[in-house]
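A.B. asks:
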Amino acid sequence: MELRLVDGRWLTTEELGALLGVDPSTVRRWRTSRPPQGPAFVQLSERVTVYSASDVEAWLRSKRVDPGQAAA
2 MELRLVDGRW LTTEELGALL GVDPSTVRRW RTSRPPQGPA FVQLSERVTV YSASDVEAWL
62 RSKRVDPGQA AA
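When we follow the numbering used here, the leftmost residue of the sequence shown carries the number 2, and every step to the right adds one.
(1) Taking the DSSP output, what are the residues bridged to Leu-12?
(2) May I ask which residues mark the beginning and end of the alpha helix (DSSP H) holding Pro-40?
(3) Just verifying my parser: in three-state terms, what is the DSSP assignment at Glu-58?
(4) Where do the N-terminal and C-terminal ends of the alpha helix (DSSP H) with Arg-29 fall, by residue?
(5) Give the C-beta separation of Val-28 and Leu-45 to the nearest angstrom, bearing in mind that I take them to be a contact with Cβ-Cβ under 8 Å.
(6) Measuring only between beta-carbons, confirm whether Thr-50 sits less than 9 Å from chain B.
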């Protein structure tokens with residue numbers, strides 16, 4: 002599958018934090034940790050970072066735990 006970065010919804014750090022129910026500082030900490038954690042991001046400038054909604058969804062899917070599968 003080809004990664005498309007032009008189409009789709011983009012989220013700011015603040016919007017992503019609100020969507021996930023975490024403080025924006027947590028999102029920033031994920032991004033600046035070594036190695037980086039959290040969803041993939043695009044650094045547009047030193048002060049502007051955005052997240053593709055599709056990357057956020059893919060990251061959330063990778064973190065998903067299905068209790069039925071875990072018990073097997």
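Glycine included, each C-beta is placed from N, C-alpha and C at the ideal position.
C.D. replies: So, from the listed chains and residues:
(1) Position 11 of the sequence shown, counted from the first residue, corresponds to residue 12. DSSP lists Tyr-52 as partners of Leu-12.
(2) Looking up residue 40 in the sequence shown gives position 39. Careful: Pro-40 lies outside any alpha helix (DSSP H) and carries neither H nor E.
(3) Locating residue 58 in the sequence shown gives position 57, counting from the first residue. It is helical.
(4) Locating residue 29 in the sequence shown gives position 28, where the first residue counts as 1. First-last of the alpha helix (DSSP H) with Arg-29: 25–33.
(5) Translated into positions along the sequence shown, residue 28 becomes position 27. Translated into positions along the sequence shown, residue 45 becomes position 44. Incorrect: roughly 15 Å between the Cβ atoms, too far for contact.
(6) Of the protein chains in this structure there is only one, and it is not chain B.
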